[in-house]
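Order-wise, the sequence lines are chains A and B. Per the numbering used here, residue 1 is the first one in the first sequence, and the count goes up by one each step. Per the numbering used here, residue 1 is the first one in the second sequence, and the count goes up by one each step.
2 protein chains.
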Amino acid sequence: MPIRNTDQIMHKAAWLYYSHGLRQDEVAQKLGISRASVATYLRRARETGIVNISTSTELFTDDVLARELEDATGVTTAWIVPEDRQAMDPTAEMPVLAASVFLELINKGDRVGVAWGRTVYHIADVMPFADLRGVTVVQLCGNLGAPYSYRPDQCTTEIARRLNAEGINFYAPLVLSSERLAEELRGEPVIREQLSTIADCHLALYSVGGIEDDSHLVKCGALSADEMHRMGEEGAVGVIAGQLIDGDGQWVNCAHNRRCISADLGSIRAIEKRMLVVQEDSKFEPLMAALKGGFASHLVVTTSMARRVIDRWRRDGLGRVQAATA
Amino acid sequence: MPIRNTDQIMHKAAWLYYSHGLRQDEVAQKLGISRASVATYLRRARETGIVNISTSTELFTDDVLARELEDATGVTTAWIVPEDRQAMDPTAEMPVLAASVFLELINKGDRVGVAWGRTVYHIADVMPFADLRGVTVVQLCGNLGAPYSYRPDQCTTEIARRLNAEGINFYAPLVLSSERLAEELRGEPVIREQLSTIADCHLALYSVGGIEDDSHLVKCGALSADEMHRMGEEGAVGVIAGQLIDGDGQWVNCAHNRRCISADLGSIRAIEKRMLVVQEDSKFEPLMAALKGGFASHLVVTTSMARRVIDRWRRDGLGRVQAATA
DNA sequence: CACCGCTCATGACATAAGTCAAATCGTTGC
DNA sequence: GCAACGATTTGACTTATGTCATGAGCGGTG
Chain A
1 MPIRNTDQIM
11 HKAAWLYYSH
21 GLRQDEVAQK
31 LGISRASVAT
41 YLRRARETGI
51 VNISTSTELF
61 TDDVLARELE
71 DATGVTTAWI
81 VPEDRQAMDP
91 TAEMPVLAAS
101 VFLELINKGD
111 RVGVAWGRTV
121 YHIADVMPFA
131 DLRGVTVVQL
141 CGNLGAPYSY
151 RPDQCTTEIA
161 RRLNAEGINF
171 YAPLVLSSER
181 LAEELRGEPV
191 IREQLSTIAD
201 CHLALYSVGG
211 IEDDSHLVKC
221 GALSADEMHR
231 MGEEGAVGVI
241 AGQLIDGDGQ
251 WVNCAHNRRC
261 ISADLGSIRA
271 IEKRMLVVQE
281 DSKFEPLMAA
291 LKGGFASHLV
301 VTTSMARRVI
311 DRWRRDGLGR
321 VQAATA
Chain B
1 MPIRNTDQIM
11 HKAAWLYYSH
21 GLRQDEVAQK
31 LGISRASVAT
41 YLRRARETGI
51 VNISTSTELF
61 TDDVLARELE
71 DATGVTTAWI
81 VPEDRQAMDP
91 TAEMPVLAAS
101 VFLELINKGD
111 RVGVAWGRTV
121 YHIADVMPFA
131 DLRGVTVVQL
141 CGNLGAPYSY
151 RPDQCTTEIA
161 RRLNAEGINF
171 YAPLVLSSER
181 LAEELRGEPV
191 IREQLSTIAD
201 CHLALYSVGG
211 IEDDSHLVKC
221 GALSADEMHR
231 MGEEGAVGVI
241 AGQLIDGDGQ
251 WVNCAHNRRC
261 ISADLGSIRA
271 IEKRMLVVQE
281 DSKFEPLMAA
291 LKGGFASHLV
301 VTTSMARRVI
311 DRWRRDGLGR
321 VQAATA
């Protein structure tokens with residue numbers, strides 16, 4: 001796209017205001033425009049990522065509970081959303097925190113993977129604007145067109161847009177009707193190539209799904225409640241990037257998984273920074289499975305969830321999860 | 001230091017205001033304090049680096065002249081400070097720009113080297129506050145106690161303080177009275193060790209000095225004007241980290257350099273990102289020398305200086321400077 | 001060329017944020 | 001125990017910023 005003149009002015013205004021600390025009227029005078037325009041340009045500059053305002057998330061890691069959680073489970077860093085009376089609603093707080101943490105974890109030039117789900121979309125929705133050219137956002141799982149919900153490609157696209165990053169979408173369905181077709185599609189060069197780049201990601205963002213009747217996969221029609229029950233009997237406990245995992249966080253060799261086009265769980269585990277965000281208290285068992293499976297190096301949870309994980313982890317005498325497979 | 005309660009409140013206020021976008025009165029209500037206090041906390045949060053506001057420096061690289069300068073000389077990126085009528089005073093603008101660029105170039109966990117001089121101190125003076133724990137700022141050259149000027153350790157310390165980074169000072173004089181003593185001191189384990197870590201820096205910040213009577217080295221008393229003249233006759237053209245370089249940017253084997261305790265020029269050249277900032281138009285020849293010597297991968301200069309460099313470079317049919325020696 | 005639709009700029013007003021002197025609180029030293 | 005000090009808080013005030021309706025400019029189009 002051509003360099004618009006207004007972009008130039010916006011830049012200048014932002015520079016004078018934020019970097020030199022001039023007042024809006026001084027900026028206006030300097031640029032020969034009205035102060036009202038300056039105000040508008042400044043807003044646009046913030047929304048474009050030319051100006052970046054970030055807050056340290058230290059408040060949420062600087063916590064004894066967070067230390068305990070890290071020590072017990074072996075995750076590198078844990079962020080804990082308090083559930084006090086005076087605090088904000090954790091459901092509203094967590095996506096904001098997760099978005100900040102996500103930004104903190106990205107480095108220039110990184111390739112980051114984004115999975116899918118309600119949580120991830122909420123994070124995308126509050127993602128601050130940034131100027132991260134050189135960063136690539138890749139979609140971790142196939143698409144699922146659920147009219148009332150958020151599609152995987154929407155999550156990827158929205159995040160990439162806000163970060164001014166390059167978004168790479170994944171043009172394949174998440175689940176196919178036959179295993180054979182899934183297998184063939186996975187073999188297609190375009191798909192194969194894209195799947196193979198996932199292990200090169202420096203950072204991945206996902207949540208973990210449950211297997212109840214109201215789980216995301218069921219609500220999106222990827223599986224019927226009946227099928228999900230059956231998978232549960234076959235050992236499925238949670239969902240990572242559209243795929244079912246068992247209590248130890250291992251891939252379940254079930255009909256659904258075989259028909260599923262998504263990032264190989266091994267590739268995900270190989271990613272250096274695996275950021276797992278869990279909002280609902282009901283996802284305790286899936287979270288335990290994900291942790292055991294090594295799907296989290298960076299964890300965002302509520303206070304109560306942190307306590308439950310620590311208790312269970314200690315009660316079961318579990319060791320610390322392994323570091324990145326890489 | 002113990003975690004102060006006010007820090008906690010400051011964090012919370014900053015979080016609610018900047019990350020959730022609440023208004024100050026809403027924050028005040030939520031935290032049960034007055035709005036005036038919130039305003040105070042927010043200022044402190046900005047000054048502490050808990051909140052980080054940065055502006056893209058793209059405005060200064062997004063320029064045909066910058067492209068030409070990069071193409072001609074081979075520096076990776078050039079930032080150009082305009083000298084138009086309507087622009088700000090370049091002398092005031094450059095340190096601000098340099099500070100922003102410096103921050104953009106730092107990555108988490110980096111070790112950065114900082115040299116010394118009027119320019120560097122001015123940059124330190126306008127360096128934004130940031131929360132870069134994990135970053136280490138090391139002093140590139142020995143100390144020189146000039147009462148009316150800025151000491152090398154002050155530059156390092158101030159920058160480290162603003163970034164919330166660890167500052168490593170260099171407790172040796174820049175110049176000694178005898179070569180023998182300098183040699184012995186360089187051999188001291190403490191000094192030797194510190195000098196050897198310089199090549200591990202990911203980023204270095206310095207300017208280039210001139211050899212006129214009003215040059216920094218002379219004004220600080222490291223050399224008399226007479227001695228400086230003599231060095232000029234021996235081929236010295238400019239100063240990098242307290243050491244004289246010749247027209248090709250090579251170390252001059254002269255009395256001053258032999259008595260000098262500073263980063264080995266080879267170590268500096270080995271640093272991946274060498275950020276050179278030149279303010280004064282009078283430093284053209286030193287700048288040329290520094291460029292030829294490979295002391296800049298990232299360059300901040302004025303429009304007129306950029307033009308002169310391009311012209312001379314082309315006229316002399318010089319090639320592009322080599323990339324980092326590493 | 002008149003009309004439409006769009007973006008951008010502006011003045012005037014409403015609202016939010018910054019500031020400061022005075023009050024309060026907590027600590028230290030005598 | 002209390003005086004003195006520094007740090008923190010706040011109400012009242014000033015100043016700066018955000019917003020919005022309105023109008024100007026401009027390119028495409030019938």
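Backbone N, C-alpha and C fix where the C-beta goes; we use that ideal spot for every residue, glycine too. Predicted model only: the values in this text are computed from it and were never measured.
Item to complete: Kindly list the residues whose CB is nearer than 6 Å to the CB of R274 of chain B, restricted to its own chain and excluding five residues on each side of it in sequence; keep chain order.
Response: Here residue 274 of chain B refers to the residue found at position 274 of the second sequence. Excluding positions up to five away in sequence, the list reads A204, F295, A296 and S297.
Worksheet item: Nearest-angstrom Cα distance between T73 of chain A and L97 of chain A?
Response: Translated into the one-based positions of the first sequence, residue 73 of chain A becomes position 73. Translated into the one-based positions of the first sequence, residue 97 of chain A becomes position 97. Approximately 21 Å between the Cα atoms of the pair.
Discussion item. Tell me the rounded alpha-carbon separation between K30 of chain A and I9 of chain A.
Written reply: Position 30 of the first sequence, counted from the start, is the residue given in the question as residue 30 of chain A. Position 9 of the first sequence, counted from the start, is the residue given in the question as residue 9 of chain A. The straight-line gap from Cα to Cα measures roughly 11 Å.
Fill in: Within 7 Å, strictly: CB atoms of V175 of chain A and C254 of chain A
Locating residue 175 of chain A in the first sequence gives position 175, counting from the first residue. Locating residue 254 of chain A in the first sequence gives position 254, counting from the first residue. For V175 of chain A and C254 of chain A, no; Cβs fall outside 7 Å.
Worksheet entry | Below-7 Å beta-carbon distance, W79 of chain A vs any chain B residue | Your numbering for residue 79 of chain A matches position 79 in the first sequence. It does not; no Cβ of chain B falls within 7 Å.
Discussion item. Does the structure place the segment 242 to 251 of chain A close enough to the segment 186 to 204 of chain A that three or more beta carbon pairs sit under 8 Å?
Written reply: Judged by Cβ distances under 8 Å, the segment 186 to 204 of chain A makes no contact with the segment 242 to 251 of chain A, as fewer than three pairs qualify.
Worksheet entry | Whole-angstrom distance between E188 of chain B and C141 of chain B, CA atom to CA atom | The residue you call residue 141 of chain B lines up with position 141 of the second sequence. The residue you call residue 188 of chain B lines up with position 188 of the second sequence. Rounded to the nearest angstrom, the two C-alpha atoms are 15 Å apart.
Worksheet item: Buried or exposed: D226 of chain A, going by 16 or more other Cβ atoms within 10 Å of its Cβ?
Response: In the first sequence, residue 226 of chain A corresponds to position 226, counting from 1. Answer is exposed; the Cβ neighbour count stays below 16.
Worksheet item: The beta strand (DSSP E) spanning G113 of chain A covers which residue range?
Response: Taking the first sequence and counting its residues from 1, the one referred to as residue 113 of chain A is at position 113. Start and end: R111 to V114.
Discussion item. Check whether chain A comes within 7 Å of W251 of chain B, counting only Cβ atoms and requiring the distance to be less than that.
Written reply: Position 251 of the second sequence, counting from 1, holds the residue named residue 251 of chain B. W251 of chain B does not count as touching chain A.
Worksheet item: Between L163 of chain B and chain A, is there a C-beta pair that is closer than 7 Å?
Response: Taking the first residue of the second sequence as 1, we reach residue 163 of chain B at position 163. Closer than 7 Å: no.
Item to complete: Step through the CB atoms of chain B and report whether any lies within less than 7 Å of the CB of I50 of chain A.
Response: The residue labelled residue 50 of chain A in the question sits at position 50 within the first sequence. It does; some Cβ of chain B falls within 7 Å.
Discussion item. Once the 5 residues before and after V301 of chain B are set aside, which same chain residues still bring their CB inside 6 Å of it?
Written reply: Translated into positions along the second sequence, residue 301 of chain B becomes position 301. The answer, listed in chain order, is V278.
Discussion item. Would K292 of chain A and G210 of chain A qualify as a contact pair, given that the criterion is a beta-carbon distance under 7 Å?
Written reply: What you label residue 292 of chain A is simply residue 292 of the first sequence in a count that begins at 1. What you label residue 210 of chain A is simply residue 210 of the first sequence in a count that begins at 1. Their beta carbons are not under 7 Å apart, which means K292 of chain A does not touch G210 of chain A by this criterion.
Discussion item. Here's a check: name, in chain order, each residue in its chain whose Cβ is nearer than 6 Å to the Cβ of Y150 of chain B, leaving out the five neighbours to either side.
Written reply: As a first step, residue 150 of chain B must be located in the second sequence, where it is residue number 150. The answer, listed in chain order, is Y121.
Discussion item. On a Cα-Cα basis, can you pick out the residue from B:Y171, B:S100 and B:S37 that is closest to L16 of chain A?
Written reply: Numbered from 1 along the first sequence, position 16 holds the residue referred to as residue 16 of chain A. Out of B:Y171, B:S100 and B:S37, the CA that lies nearest to the CA of L16 of chain A is found in B:S100.
Discussion item. Nearest by alpha-carbon distance to H256 of chain B: which of B:G167, B:S178, B:L22 and B:E158 is it?
Written reply: Here residue 256 of chain B refers to the residue found at position 256 when the second sequence is read from its first residue. Out of B:G167, B:S178, B:L22 and B:E158, B:S178 has the C-alpha closest to the C-alpha of H256 of chain B.
Item to complete: Have a look at the DSSP bridge pairing and note the partners of L203 of chain A.
Response: For the purposes of this step, residue 203 of chain A is identified with residue 203 of the first sequence, where counting begins at 1. Beta-bridge pairing links L203 of chain A to A:V112 and A:K273.
Discussion item. Here's a check: name, in chain order, each residue in its chain whose Cβ is nearer than 7 Å to the Cβ of E234 of chain B, leaving out the five neighbours to either side.
Written reply: Counted from its first residue, the second sequence places residue 234 of chain B at position 234. V252 and C254, listed in sequence order.
Worksheet item: Can you find at least 3 beta carbon pairs, one from the segment 311 to 319 of chain B and one from the segment 105 to 120 of chain B, that sit closer than 8 Å?
Response: With the cut-off at 8 Å, the segment 311 to 319 of chain B and the segment 105 to 120 of chain B do not touch.
Practice prompt. Measure the C-alpha to C-alpha separation of G238 of chain B and E93 of chain B and round it to an integer number of angstroms.
Written response: In the second sequence, residue 238 of chain B corresponds to position 238, counting from 1. In the second sequence, residue 93 of chain B corresponds to position 93, counting from 1. Computed Cα separation, rounded: 24 Å.
Worksheet item: Do we get a CB-CB distance below 7 Å when we pair I123 of chain A with the residues of chain B?
Response: As a working mapping, residue 123 of chain A is identified with position 123 in the first sequence. Not an interface residue.
Discussion item. With a threshold of 8 Å, are at least 3 pairs of Cβ atoms found where one atom belongs to the segment 131 to 139 of chain A and the other to the segment 213 to 229 of chain A?
Written reply: No: the two stretches stay apart, fewer than three of their Cβ pairs being nearer than 8 Å.
Discussion item. Under 7 Å, CB to CB, which of the residues in the segment 203 to 226 of chain A have a partner in chain B?
Written reply: Interface annotation for the segment 203 to 226 of chain A against chain B: empty, criterion Cβ-Cβ distance under 7 Å.
Discussion item. Restricting to runs no shorter than 4 residues, where is the alpha helix (DSSP H) found entirely within the segment 19 to 104 of chain A?
Written reply: If we require 4 residues or more, the alpha helix (DSSP H) runs fully inside the segment 19 to 104 of chain A come out as 24 to 31, 35 to 48, 58 to 61 and 64 to 73.
Fill in: Euclidean distance between Cα positions of A323 of chain A and M288 of chain A
For the purposes of this step, residue 323 of chain A is taken as residue 323 along the first sequence, with counting starting at 1. For the purposes of this step, residue 288 of chain A is taken as residue 288 along the first sequence, with counting starting at 1. Note that A323 of chain A scores 48 on pLDDT, short of 50, meaning its location in the model is unreliable and no value can be drawn from it.
Item to complete: Just the C-alpha distance for V208 of chain B and I240 of chain B, rounded to the nearest angstrom, thanks.
Response: The residue given as residue 208 of chain B occupies position 208 in the second sequence. The residue given as residue 240 of chain B occupies position 240 in the second sequence. Each residue's Cα considered, the two are about 5 Å apart.
Fill in: DSSP-derived helix/strand/coil call for C254 of chain B
Here the question's residue 254 of chain B lines up with position 254 in the second sequence. Looking at C254 of chain B - three-state DSSP - the assignment turns out to be coil, as it is neither helix nor strand.
Practice prompt. Examine chain B for any beta-carbon lying closer than 7 Å to the beta-carbon of H298 of chain A, and answer yes or no.
Written response: Taking the first residue of the first sequence as 1, we reach residue 298 of chain A at position 298. So, not an interface residue.
Worksheet entry | Check whether I123 of chain B and P152 of chain B have beta carbons under 7 Å apart | Here the question's residue 123 of chain B lines up with position 123 in the second sequence. Here the question's residue 152 of chain B lines up with position 152 in the second sequence. Not in contact: I123 of chain B and P152 of chain B (Cβ atoms no closer than 7 Å).
Discussion item. Only counting the same chain, and skipping five residues up and downstream in sequence, which positions put a Cβ closer than 7 Å to that of R35 of chain B?
Written reply: Taking the first residue of the second sequence as 1, we reach residue 35 of chain B at position 35. Non-local C-beta neighbours of R35 of chain B in its own chain, meaning closer than 7 Å and more than five positions away in sequence, comprise Q24, D25 and A28, ordered along the chain.
Item to complete: Check whether the Cβ atoms of N52 of chain B and A160 of chain B sit closer than 7 Å, and answer yes or no.
Response: In the second sequence, residue 52 of chain B corresponds to position 52, counting from 1. In the second sequence, residue 160 of chain B corresponds to position 160, counting from 1. It is not a contact, given that the beta carbons lie outside the stated cut-off.
Fill in: Coarse secondary structure for S282 of chain B, derived from DSSP in three states
Position 282 of the second sequence, counted from the first residue, corresponds to residue 282 of chain B. S282 of chain B: helix per DSSP, three-state reduction.
Item to complete: Could you tell me which of A:H20, A:Q194, A:S304 and A:E183 sits nearest to V81 of chain A, measuring between CA atoms?
Response: By 1-based counting over the first sequence, the position of residue 81 of chain A is 81. Each of A:H20, A:Q194, A:S304 and A:E183 was checked against the Cα of V81 of chain A, and the nearest Cα belongs to A:S304.
Worksheet item: Looking only at C-alpha atoms, which of B:K12, B:I33, B:T55 and B:A13 sits nearest to S19 of chain A?
Response: Reading the first sequence from its first residue, position 19 is the one you call residue 19 of chain A. With distances taken between Cα atoms, S19 of chain A lies closest to B:T55.
Item to complete: Using DSSP bridges, identify the partner residues of Q139 of chain A.
Response: The residue labelled residue 139 of chain A in the question sits at position 139 within the first sequence. For Q139 of chain A, which the question treats as bridged, DSSP gives the partners A:V114.
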